[in-house]
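In terms of full-length UniProt numbering, the sequence shown opens at residue 1 and continues consecutively. Even glycine gets a Cβ: it sits at the ideal position worked out from N, Cα and C. The model shown is predicted, which means the values in this text are computed figures rather than measured ones. Worksheet: the structure to be examined is printed underneath.
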Amino acid sequence: MPFDIKHAPAHFQRMMDTIFQEEILEGWMVVYIDDIIIYSETWEDHVQCIDRVLSKFTPVNLKISPKKCNFGQQELLALGHKVSGLSLAIGKNKLAAVLQKPVPKNIK
């Protein structure tokens, strides 16, 4: 896949969106560049979803690092946000960064 290095993230995102189009459209998977989040109602559904996603890796020569994988999490930190069930909250690090900003002194 020849491309300029500055366009690499966009190309990779498009490739991942294409590979996992069905799963994304079915509404149980989110892909952000090389981060994949799979969510489901039950553990049995979750295992089936994981199996389905992992089965797509070998044919397209994608690899994963088991050390970087977390399976069956009730709560996770994604892009600086704490995601849990139906809730979404700002992560502690992101909140600390916002709180450290100085309070504006004028309207501009």
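- Item | Integer-rounded CB distance, given that Val53 should sit under 8 Å from Phe20 | As a working note, residue 20 is residue 20 in the sequence shown. As a working note, residue 53 is residue 53 in the sequence shown. With a Cβ gap of about 7 Å, Phe20 and Val53 count as contacting.
- Say whether the region 35 to 43 touches the region 72 to 87, bearing in mind that this needs 3 or more beta-carbon pairs closer than 8 Å, one atom from each stretch. Inter-segment contact for the region 35 to 43 and the region 72 to 87 is present: three or more beta-carbon pairs are separated by less than 8 Å.
- Tell me Glu75's beta-bridge partners as DSSP assigns them. Along the sequence shown, read from residue 1 onward, the residue named residue 75 stands at position 75. DSSP output for Glu75 lists Ser84 as bridge partner(s).
- Since I believe Ser55 is in contact with Cys49 (beta carbons under 8 Å), could you give me their beta-carbon distance rounded to a whole number of angstroms? Numbered from 1 along the sequence shown, position 49 holds the residue referred to as residue 49. Numbered from 1 along the sequence shown, position 55 holds the residue referred to as residue 55. That pair is no contact at about 11 Å.
- Item | Those residues which DSSP pairs with Tyr39 across a bridge | Position 39 of the sequence shown, counted from the start, is the residue given in the question as residue 39. Its beta-bridge partners do not exist; DSSP assigns none.
- Straight-line Cα distance separating Lys101 from Met29: Along the sequence shown, read from residue 1 onward, the residue named residue 29 stands at position 29. Along the sequence shown, read from residue 1 onward, the residue named residue 101 stands at position 101. Each residue's alpha carbon lies about 34 Å from the other.
- By a C-beta neighbour count over all protein chains shown, 10 Å radius and 16 as the cutoff for buried, is Val31 buried or exposed? Indexing the sequence shown from 1 puts residue 31 at position 31. With 16 or more Cβ atoms within 10 Å of its Cβ, Val31 is classed as buried.
- Item | Euclidean distance between Cα positions of His7 and Gln73 | The sequence position of residue 7 within the sequence shown is 7, counting from 1. The sequence position of residue 73 within the sequence shown is 73, counting from 1. The straight-line gap from Cα to Cα measures roughly 32 Å.
- So Val98 is in the alpha helix (DSSP H); what residue range does that whole segment cover? The residue given as residue 98 occupies position 98 in the sequence shown. Element bounds for Val98: 92 to 100.
- Rank Asp45, His11, Met15 by C-alpha distance to the C-alpha of Gly27 and give the top, closest one. As a position in the sequence shown, residue 27 is number 27, starting the count at 1. Of the candidates Asp45, His11, Met15, the one whose C-alpha sits nearest the C-alpha of Gly27 is Asp45.
- Message: By the DSSP assignment, the beta strand (DSSP E) with Val30 in it spans what residues?
- Response: The residue given as residue 30 occupies position 30 in the sequence shown. 29 to 32 is the span of the beta strand (DSSP E), which, as asked, contains Val30.
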